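Read top to bottom, the protein sequences are chains A and B.
Going by my numbering, the first sequence opens with residue 14, and the numbers climb by one from there.
Going by my numbering, the second sequence opens with residue 14, and the numbers climb by one from there.
Every residue gets a Cβ at the ideal spot worked out from N, C-alpha and C, and that includes glycine.
Only a predicted model underlies this, so the values are computations on that prediction, with no experimental measurement involved.
Number of protein chains: 2
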Amino acid sequence: MPGHRLEQLCHDHGLRFTEHRRMVLEVLDASTDHPAASEIHRRAAVGHSISVSTVYRILKTLSAAGLVVRRDFGDGKARYESVTRRHDHLVDVRSGAIVEFDEAALQPIIESIAARLGYRLIDYRLELLAEARGAVIDRS
Amino acid sequence: MPGHRLEQLCHDHGLRFTEHRRMVLEVLDASTDHPAASEIHRRAAVGHSISVSTVYRILKTLSAAGLVVRRDFGDGKARYESVTRRHDHLVDVRSGAIVEFDEAALQPIIESIAARLGYRLIDYRLELLAEARGAVIDRS
DNA sequence: CTAAATGCAAATCATTTGCAAAGAG
DNA sequence: CTCTTTGCAAATGATTTGCATTTAG
Numbered sequence: 014m015p016g017h018r019l020e021q022l023c024h025d026h027g028l029r030f031t032e033h034r035r036m037v038l039e040v041l042d043a044s045t046d047h048p049a050a051s052e053i054h055r056r057a058a059v060g061h062s063i064s065v066s067t068v069y070r071i072l073k074t075l076s077a078a079g080l081v082v083r084r085d086f087g088d089g090k091a092r093y094e095s096v097t098r099r100h101d102h103l104v105d106v107r108s109g110a111i112v113e114f115d116e117a118a119l120q121p122i123i124e125s126i127a128a129r130l131g132y133r134l135i136d137y138r139l140e141l142l143a144e145a146r147g148a149v150i151d152r153s
Numbered sequence: 014m015p016g017h018r019l020e021q022l023c024h025d026h027g028l029r030f031t032e033h034r035r036m037v038l039e040v041l042d043a044s045t046d047h048p049a050a051s052e053i054h055r056r057a058a059v060g061h062s063i064s065v066s067t068v069y070r071i072l073k074t075l076s077a078a079g080l081v082v083r084r085d086f087g088d089g090k091a092r093y094e095s096v097t098r099r100h101d102h103l104v105d106v107r108s109g110a111i112v113e114f115d116e117a118a119l120q121p122i123i124e125s126i127a128a129r130l131g132y133r134l135i136d137y138r139l140e141l142l143a144e145a146r147g148a149v150i151d152r153s
């Protein structure tokens, strides 16, 4: 029963485990992209029933609990990913393509920055804006 | 005439220099916080006339040109800062307070990450989520 | 049983857009 | 003069909310 792991996860964070929360978590665990709320609803609704407002409410709850990470790539809608899939991103400013990467070496450096400021790091969001090497640069 | 610098800046980026663009740039250059579009409009409108839609259009243009940096702190509205004030941020998840910092050592590390992925870094956004040291942690 | 979660539809809020008038180069 | 920018008001689109109903613990 794959649901047990997710149920435990919710309980560990003091959240009730509902059918709908399971659906949303499963969608995010199965997604390799970064779906927005409407897309998560679309995927979760396949064969099931769930309202969009419920998806929004669940995403807000799960984000607050840290089970889900909310991202913004500047296209007007928030995107989400499961913490288990958490990683950083590089956005190709020409094509809009998103490249994921995971640079473990950054964690300690960033932690020390927070510490120096008198804080304990909880999480961080890093987004690189870049263009493919060799791209023609318009200096007109 | 302080307007000359801004005029040059616009011209260098192929943008027409208008009274309204000057107003928005001046507001951002004078702001130490991270005003959202509506707040920028409010500040620019003091003693002048400018419509909100114009502020939005200008911010989009200036962002695309790289004269202004668009940020998202997760409260539903985009925030802006002048490139000349560009820096990274730490968000105190308890109070919502934003602490600015500038860690020069990060730049080369992040550039190398982009390079490794086959890209040339244009810019990056780093946001730390943290809690004050010594804050009581609720492990209920 | 009781507090929390959900559906539905209406409400909000930020941001965008169509079109005619005003302005920059 | 020609192309771009701006105003205004209406349109869009994402996200939120009130309230009655259902469900988890």
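By the DSSP assignment, the alpha helix (DSSP H) with residue i in it spans what residues?
| i | result |
| --- | --- |
| residue 54 of chain B | 50 to 57 |
| residue 126 of chain B | 119 to 129 |
| residue 71 of chain B | 65 to 78 |
Just the chain B side, please: which residues come within less than 7 Å of residue i by C-beta, in chain order?
| i | result |
| --- | --- |
| residue 114 of chain A | 126, 130 |
| residue 103 of chain A | 127, 130, 132 |
Which of the three DSSP states is assigned to residue i in this structure?
| i | result |
| --- | --- |
| residue 100 of chain A | coil |
| residue 34 of chain B | helix |
| residue 44 of chain A | coil |
| residue 29 of chain A | coil |
| residue 24 of chain A | helix |
| residue 61 of chain A | coil |
Under 9 Å between beta-carbons, which chain B residues line up against residue i? List them in chain order, please.
| i | result |
| --- | --- |
| residue 83 of chain A | 87 |
So what does residue i bridge to, in DSSP terms?
| i | result |
| --- | --- |
| residue 112 of chain A | A:103 |
| residue 91 of chain B | B:85 |
Please name the residue in the options whose C-alpha comes closest to that of residue i.
| i | options | result |
| --- | --- | --- |
| residue 93 of chain A | A:104, A:41, A:138 | A:41 |
| residue 121 of chain B | B:137, B:57, B:107, B:88 | B:137 |
| residue 55 of chain B | B:65, B:117, B:46 | B:65 |
| residue 75 of chain A | A:123, A:110, A:50, A:102 | A:50 |
| residue 139 of chain A | A:133, A:147, A:100 | A:100 |
| residue 33 of chain A | A:133, A:46, A:61 | A:61 |
| residue 130 of chain A | B:23, B:125, B:145, B:31 | B:145 |
| residue 96 of chain B | B:81, B:86, B:107, B:30 | B:81 |
What residues of chain A sit near residue i, judged by a beta carbon separation below 9 Å?
| i | result |
| --- | --- |
| residue 123 of chain B | 116, 119, 139, 141 |
Within the continuous beta strand (DSSP E) that includes residue i, where are the two ends?
| i | result |
| --- | --- |
| residue 83 of chain A | 81 to 85 |
| residue 135 of chain A | 132 to 145 |
Name, please, each residue of chain A whose Cβ falls closer than 7 Å to the Cβ of residue i.
| i | result |
| --- | --- |
| residue 106 of chain B | 135 |
Against residue i, what residues of chain B qualify as contacts under a CB-to-CB distance less than 8 Å, listed in chain order?
| i | result |
| --- | --- |
| residue 160 of chain A | Because chain A spans 14 through 153 in this model, residue 160 of chain A falls outside it and cannot be assessed. |
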